[in-house]
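Protein chains: 4
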Amino acid sequence: MSSSYGKNIKLTIFGQSHSKAIGMTLEGIPAGKRIDYEKLFEFMQRRAPGKNAYSTPRKEADAPEFLSGVVGDTTCGTPITAVIMNTNTRSSDYDILKDIPRPGHADYTGYIKYGEDRDYTGGGHFSGRLTAPLCIAGGIAIQLLEEKGIYICSRISSIGGIKDEGDLVETSIGCLTGINTGLPFNPASDGDFPTISKEQGEKMKAYIAEKRAEGDSVGGVIECAVFGIPAGVGDPMFDGMENRISQIIFGIPAIKGIEFGNGFEAAALTGSENNDEFCLKEGKIETVTNNCGGILGGITNGMPLIFRVAVKPTPSITKEQKSINLSTKEETTLVVPGRHDPCIVPRAVPCIEAAAALAVYDALLSC
Amino acid sequence: MSSSYGKNIKLTIFGQSHSKAIGMTLEGIPAGKRIDYEKLFEFMQRRAPGKNAYSTPRKEADAPEFLSGVVGDTTCGTPITAVIMNTNTRSSDYDILKDIPRPGHADYTGYIKYGEDRDYTGGGHFSGRLTAPLCIAGGIAIQLLEEKGIYICSRISSIGGIKDEGDLVETSIGCLTGINTGLPFNPASDGDFPTISKEQGEKMKAYIAEKRAEGDSVGGVIECAVFGIPAGVGDPMFDGMENRISQIIFGIPAIKGIEFGNGFEAAALTGSENNDEFCLKEGKIETVTNNCGGILGGITNGMPLIFRVAVKPTPSITKEQKSINLSTKEETTLVVPGRHDPCIVPRAVPCIEAAAALAVYDALLSC
Amino acid sequence: MSSSYGKNIKLTIFGQSHSKAIGMTLEGIPAGKRIDYEKLFEFMQRRAPGKNAYSTPRKEADAPEFLSGVVGDTTCGTPITAVIMNTNTRSSDYDILKDIPRPGHADYTGYIKYGEDRDYTGGGHFSGRLTAPLCIAGGIAIQLLEEKGIYICSRISSIGGIKDEGDLVETSIGCLTGINTGLPFNPASDGDFPTISKEQGEKMKAYIAEKRAEGDSVGGVIECAVFGIPAGVGDPMFDGMENRISQIIFGIPAIKGIEFGNGFEAAALTGSENNDEFCLKEGKIETVTNNCGGILGGITNGMPLIFRVAVKPTPSITKEQKSINLSTKEETTLVVPGRHDPCIVPRAVPCIEAAAALAVYDALLSC
Amino acid sequence: MSSSYGKNIKLTIFGQSHSKAIGMTLEGIPAGKRIDYEKLFEFMQRRAPGKNAYSTPRKEADAPEFLSGVVGDTTCGTPITAVIMNTNTRSSDYDILKDIPRPGHADYTGYIKYGEDRDYTGGGHFSGRLTAPLCIAGGIAIQLLEEKGIYICSRISSIGGIKDEGDLVETSIGCLTGINTGLPFNPASDGDFPTISKEQGEKMKAYIAEKRAEGDSVGGVIECAVFGIPAGVGDPMFDGMENRISQIIFGIPAIKGIEFGNGFEAAALTGSENNDEFCLKEGKIETVTNNCGGILGGITNGMPLIFRVAVKPTPSITKEQKSINLSTKEETTLVVPGRHDPCIVPRAVPCIEAAAALAVYDALLSC
């Protein structure tokens with residue numbers, strides 16, 4: 030079942046970019062949990078389009094409407110369904126894409142999979158727009174985790190070749206005192222473009238603007254940390270934390286890689302460099318370093334859980350590209366119409382947090 | 030269910046390093062498929078221990094015994110169970126590890142998860158030995174895929190900082206003419222240490238030997254390609270090929286990262302650099318480049334499916350390390366006893382192929 | 030996951046009796062299938078309330094609104110979500126039920142399971158109203174099965190102690206010639222109250238009316254047959270046709286028993302009486318009798334699949350009953366308010382057909 | 030996956046009647062649970078063949094060998110695999126069945142499903158012998174439930190038309206005081222043929238003997254009760270206790286019907302007769318009657334959970350029957366060779382208990 034996720038919770042995402050609505054059903058949330066709708070909406074606004082120069086001009090309120098599973102603002106134990114009506118669609122933008130698939134996009138594979146009857150408008154079920162329901166579910170999971178003292182924090186690690194500076198965990202732990210005040214928790218004050226170094230952040234934004242002007246797009250890397258997760262979460266073998274997190278993360282369009290702890294860097298180290306030695310800290314067993322990203326044998330060790338994902342550059346660019354006409358089976362060229370982000374990394378940040386929260390919450394329920 | 034994998038097939042792996050046996054059950058394989066036991070055994074020998082200087086001296090025949098699901102050498106449609114009896118165990122090696130967890134290993138998290146009653150001997154269920162049953166299942170899947178003209182090929186991309194040269198796909202396609210002759214398919218003639226450049230391979234081996242002599246260990250990167258997979262395999266969102274492959278791959282101990290196509294490199298490119306333009310080649314739709322690793326929107330596009338995984342250095346090293354005594358809750362030091370690979374990358378190669386084969390075979394059954 | 034069903038399709042049902050909407054998501058339906066909305070609506074009308082003397086006066090159009098998974102009237106391969114808005118709710122009817130659970134109803138167990146935050150209005154998620162989304166999904170499955178020449182037909186076997194006469198299979202096979210003309214397929218012309226014997230049907234209706242006048246309710250038995258299902262559908266052990274069908278059928282409120290073929294009667298027979306001998310009929314292997322209900326070893330044998338379900342009398346009656354006040358923990362009495370069917374059997378008939386169609390369609394996809 | 034069961038536990042059963050071994054893997058059992066092997070073996074002996082006049086003369090020790098998941102007699106948290114080697118097989122008995130399927134047996138449907146490569150010897154995967162691994166798993170579950178004060182008790186309700194007398198719950202509750210002494214818990218002292226009335230039990234045995242002498246077989250009904258299960262176990266809709274129990278129960282060969290509480294009898298009652306009114310008993314909420322069998326809305330209400338299953342007469346009889354030669358496609362006759370029970374009801378009793386225990390234990394883990 031391609032659009033469902035979870036062992037103890039069950040998330041199902043439905044909708045196409047231009048269908049009547051998009052939405053999600055989330056089963057397995059206990060009764061009696063209060064959902065802070067305002068906080069949820071604020072969270073979702075972080076991925077909402079139309080806010081600034083590096084996102085698509087398509088504007089939608091994207092306010093979720095809860096159809097079931099709640100009484101007022103409190104869960105009642107049954108499946109929670111929320112939808113977002115699609116109101117601002119311009120399907121005619123996509124007429125040309127019926128025949129000519131965009132390079133780098135799922136247009137072609139969707140055609141192979143579903144044939145003539147696929148919904149190609151707006152990318153159909155493959156559209157980045159489907160991350161909005163993911164953020165509804167993940168936004169709820171974030172609130173449920175915060176109840177347990179578990180917080181998720183991310184930053185943009187790099188855009189193009191431009192890297193952020195500083196250490197996410199150290200920076201965040203500094204901020205963590207702020208959590209108790211109920212403030213939103215982000216490494217930088219710029220919630221829409223979270224970097225530790227403001228200067229590097231500005232360089233990244235300038236680079237995006239430059240490439241946008243050229244009709245091009247750029248990719249980047251997002252780093253995500255989960256704080257406060259107890260030791261012992263996750264299961265061996267196929268249900269380890271890496272397995273669970275990567276299974277949901279690759280559900281976000283444009284993600285092409287994931288690494289935990291020091292990841293690919295570990296491959297170049299020796300065991301004595303990479304192993305995290307154990308120590309006691311105020312009577313609690315910790316590790317001196319955290320190269321493993323808080324996961325050993327698939328199971329959390331009580332240190333912050335860290336991972337990074339590679340986001341490819343938006344495939345929809347206005348530069349002319351070679352493609353194929355699927356009707357005539359002839360080579361042709363394409364200038365992609367429609368409204369697209371020159372860089373989806375900033376809007377992908379809350380999606381990554383949402384996915385991480387769902388994976389962690391689901392794993393916690395197995396404990 | 031931590032030790033089960035699959036949607037259409039269902040793989041369950043059982044056993045601990047020092048239990049009476051380890052094994053696997055594989056459901057969902059059609060009746061009437063002939064298993065070439067000799068070929069399967071040859072495949073499994075690629076991960077078998079005790080063969081050379083960079084693997085553990087523990088020697089076991091590791092010959093699988095089929096208990097069910099076959100009549101003679103032919104599947105009968107019911108669950109296939111095969112076991113490997115554990116005969117050469119030296120549990121006393123592990124006495125010290127009951128109290129003192131190895132840095133970088135699952136000893137500590139296994140203790141947190143399962144408490145005093147965990148099976149700590151030999152790493153229990155977390156042992157790399159559990160990849161032997163994975164290779165039984167994957168070895169069968171490889172044979173079933175080859176029937177359909179789908180071949181899996183890997184190489185060691187790097188050990189420590191030493192990188193292989195050449196392009197896996199180009200090299201393999203050269204070899205692919207050999208496939209028709211029924212020859213085993215590997216980029217280099219050295220099946221136990223597959224690199225494209227023999228020279229780089231020798232440097233890697235020398236580096237492993239050097240670190241082994243220091244009582245240390247090294248990590249590396251493995252690249253894997255799947256050839257002949259048709260377009261349209263995989264599903265959108267949470268059952269895409271990236272999701273399916275990463276979910277099983279992280280079931281192999283010591284894997285800390287995975288990337289598809291150009292992966293993390295894509296994050297530094299622009300859309301016009303990274304997009305794979307479409308072209309016609311002998312009437313067939315292909316892409317000019319293959320930066321996406323053969324996957325768009327989670328679904329194969331007919332090009333070779335490519336991914337790389339980061340393997341961390343073996344955590345069990347004989348250099349003294351800091352640890353904790355779990356009984357006394359005091360800091361201590363540990364010199365790891367037992368027999369361990371200074372580098373598990375070579376033996377991990379067939380495991381990666383096995384995992385990839387199972388993921389691809391399972392996804393094919395959804396088509 | 031309590032509200033999901035299926036191996037190859039995945040049905041999720043959401044909503045409470047008085048939530049904003051009820052609905053369903055159905056994954057796994059191929060692209061390019063045309064849904065006849067009018068026929069679907071006609072099917073759903075068979076379970077719709079408010080039509081006659083033996084159903085609740087609550088009137089709702091119950092017209093499903095499709096939010097996703099279709100383009101026009103054709104499936105596009107992605108999850109199909111349809112909702113029914115709840116418009117005619119009278120929650121105040123249920124105020125008393127917050128504290129005083131109805132005997133025979135899920136009010137008490139819902140309270141134990143979900144506590145104070147359950148949605149008790151209208152029975153919440155336990156309401157018979159949740160069978161409306163089941164009928165959306167099942168109505169689609171029925172259309173997909175008819176494409177393959179598979180037809181589902183049911184009758185009311187008994188109401189109270191009053192039994193229908195005649196044989197469902199024989200009667201239906203007579204009707205089956207009519208199927209080719211596209212006519213709705215039912216043993217009796219009275220689609221809302223299908224019996225073979227009109228006379229017995231009238232007696233049943235009179236009995237319902239009599240008990241309704243007394244403020245009481247009655248139960249009954251429904252018999253269901255699936256025609257045209259090929260041999261070889263279903264799997265051994267836990268995914269046999271009996272397992273699959275019973276798992277979904279018991280999702281319909283008030284079902285307390287199910288039997289396949291001659292069911293409980295078989296327990297009183299000898300093997301020589303009960304075994305269905307094989308014969309050739311126009312070159313096709315059939316059985317002389319069909320005591321097994323078309324299923325051997327969980328797998329269909331090509332004969333009509335037959336089962337019967339026991340429907341308990343509606344628990345919501347207006348006769349005074351003993352209950353407990355959950356707040357004061359004192360014994361009390363209850364006269365159930367609200368609008369309820371004196372007999373849900375007639376409206377349960379299409380629900381049984383819907384459930385059977387989903388189970389059969391799902392099993393067919395495994396073949 | 031036909032041979033797997035469970036949401037929180039995962040049971041997989043493998044093996045064919047004449048394969049090298051049969052066995053089971055049970056995932057999800059916590060670490061640190063002691064398995065009383067002797068008690069387990071005693072339980073399994075209740076279904077073992079070769080003990081008396083109403084069971085097959087095939088004799089096997091059927092002692093399970095534990096391959097993994099335990100250290101000594103204590104679970105270690107990882108998948109438990111146990112096997113029974115098949116030693117006393119006489120496959121030649123089955124040569125004729127390759128071509129001529131037994132009426133009432135899965136020979137024919139197995140042939141349709143798996144074709145020429147099915148394992149037809151001894152019924153293959155469809156053999157009643159596969160209930161031995163079910164009893165290993167269920168026997169463990171029974172021990173785990175007893176730890177929680179939950180006990181399972183059954184009786185033979187009827188054989189042929191001969192009915193037992195007395196009430197299972199009342200009789201058992203009398204015995205329940207004996208449970209505290211650790212005694213095995215059965216309504217009658219005859220553990221191999223449990224009836225409340227010894228006289229009726231003797232009549233049943235005589236009837237079996239009579240039909241056996243005629244080369245025929247008989248069926249029966251088994252009633253099962255689960256005591257001590259708390260209120261609130263089970264989930265609404267498709268994961269209710271009825272759904273969960275029936276899904277596993279129909280995995281036992283020859284079961285053709287199941288009913289909960291008063292089941293099919295309820296269909297003939299009025300609501301005022303059938304509803305179970307609430308009362309207080311020593312401060313605890315109970316129901317005056319238990320017509321619902323302890324389940325409302327799929328969820329337990331704290332009363333004993335009661336169900337009955339219909340067991341068809343053994344299809345393998347020595348009386349001559351009509352069948353078909355699958356090779357020649359001609360009608361023929363068959364006298365079934367091999368060793369078969371004239372009545373499998375007595376040996377099915379522990380299987381029903383095993384299945385019920387697994388369903389209840391699995392559901393408890395969701396609470």
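Residue numbers (my numbering), protein chains in the order written: chain Z, 30 to 396; chain L, 30 to 396; chain H, 30 to 396; chain E, 30 to 396.
Where is the CB? At the ideal position from N, CA and C, for every residue including glycine.
- Looking at the DSSP output, S183(H) shares a beta bridge with C253(H).
- Taking 9 Å as the cut-off, the Cβ atoms of I42(L) and A166(L) count as close.
- Proximity of chain L to I42(Z) at the Cβ level (cut-off 7 Å) is accounted for by M266, in chain order.
- Non-local beta-carbon contacts of N37(E) in its own chain, meaning distances under 7 Å to residues more than five positions away in sequence, involve G57, D391, L394 and S395 in chain order.
- S97(H) sits in a strand when the DSSP states are folded into three classes.
- A distance below 6 Å between beta-carbons, with the five flanking residues on each side excluded, links G106(E) to the following residues of its chain, in chain order: A60.
- Between I179(E) and P265(E), the C-beta gap is not smaller than 9 Å, which leaves the two residues out of contact.
- Collapsing the DSSP output to three states places A60(H) in coil.
- In the DSSP assignment, F336(E) falls within the unbroken beta strand (DSSP E) covering L334 to V340.
- A Cβ-Cβ separation of about 12 Å leaves F336(L) out of contact with F293(Z) under the 8 Å criterion.
- For the segment 340-355 of chain E, the residues whose beta carbon sits under 7 Å from a beta carbon of chain H are, in order, V340, K341, P342, T343, P344, I346, K348, Q350, K351, S352 and I353.
- By the neighbour-count definition (other C-beta atoms within 10 Å, threshold 16), V364(E) is an exposed residue.
- Taking C-beta separations shorter than 6 Å and ignoring five residues to either side along the sequence, the partners of N320(L) in its chain run G290, N291, N303 and D305, following chain order.
- Distance from the CA of P366(E) to the CA of V112(E), rounded to the nearest whole angstrom, comes to 27 Å.
- Distance check between S183(E) and each of A50(E), I109(E), P333(E) and P259(E) places P333(E) closest, using alpha-carbon atoms only.
- Proximity of the segment 95-104 of chain H to the segment 307-320 of chain H falls short of the contact definition, fewer than three beta-carbon pairs being nearer than 8 Å.
- Interface flag for F293(Z) against chain L is set, since a Cβ pair is found closer than 9 Å.
- By the beta-carbon neighbour count (other beta carbons within 10 angstroms, threshold 16), T357(E) is exposed.
- The Cβ neighbour count for T138(L), taken over all protein chains shown within 10 Å, is at least 16; the residue is labelled buried.
- Per DSSP, the unbroken beta strand (DSSP E) holding Q350(E) starts and ends at Q350 to N354.
- Taking a beta-carbon distance threshold of 9 Å, E176(H) does not count as an interface residue toward chain Z.
- In the three-state reduction of the DSSP assignment, K192(L) falls in the strand class.
- Neighbours of I381(Z) in chain L, taken as residues whose beta carbon is under 9 Å from its own, are absent, since the nearest beta carbon is some 13 Å off.
- Neighbours of A50(H) across chain Z, judged by C-beta separation under 7 Å: L96 and S97.
- Leaving aside the five residues that flank R63(L) on each side, the residues in its chain whose CB is nearer than 6 Å to its CB run, in chain order, D102 and T103.
- Fully contained in the segment 139-187 of chain E are the following alpha helix (DSSP H) runs of length 4 or more, in chain order: 160-176.
- A distance below 7 Å between beta-carbons, with the five flanking residues on each side excluded, links A385(E) to the following residues of its chain, in chain order: I181, C253, V255 and I274.
- Close to K127(L), with beta-carbon spacing below 8 Å, lies no residue of chain E; the smallest spacing is near 12 Å.
- At a cut-off of 9 Å between beta carbons, H154(E) contacts chain L.
- When C-alpha distances from S156(H) are compared across A238(H), S48(H), R241(H) and G269(H), the shortest belongs to S48(H).
- Straight across, the Cα-Cα distance linking D65(H) with T362(Z) is about 39 Å.
- The alpha-carbon separation between C372(E) and R158(E) amounts to approximately 14 Å.
- Taken atom to atom, the span from the alpha-carbon of E243(H) to that of L298(E) is near 14 Å.
- Legend: CB atoms of the segment 239-255 of chain E lying less than 7 Å from CB atoms of chain H belong to residues K240, D245, S246, V247, G248, G249 and V250.
- Between R75(Z) and P344(Z), the beta carbon gap of about 23 Å keeps them out of contact (Cβ cut-off 8 Å).
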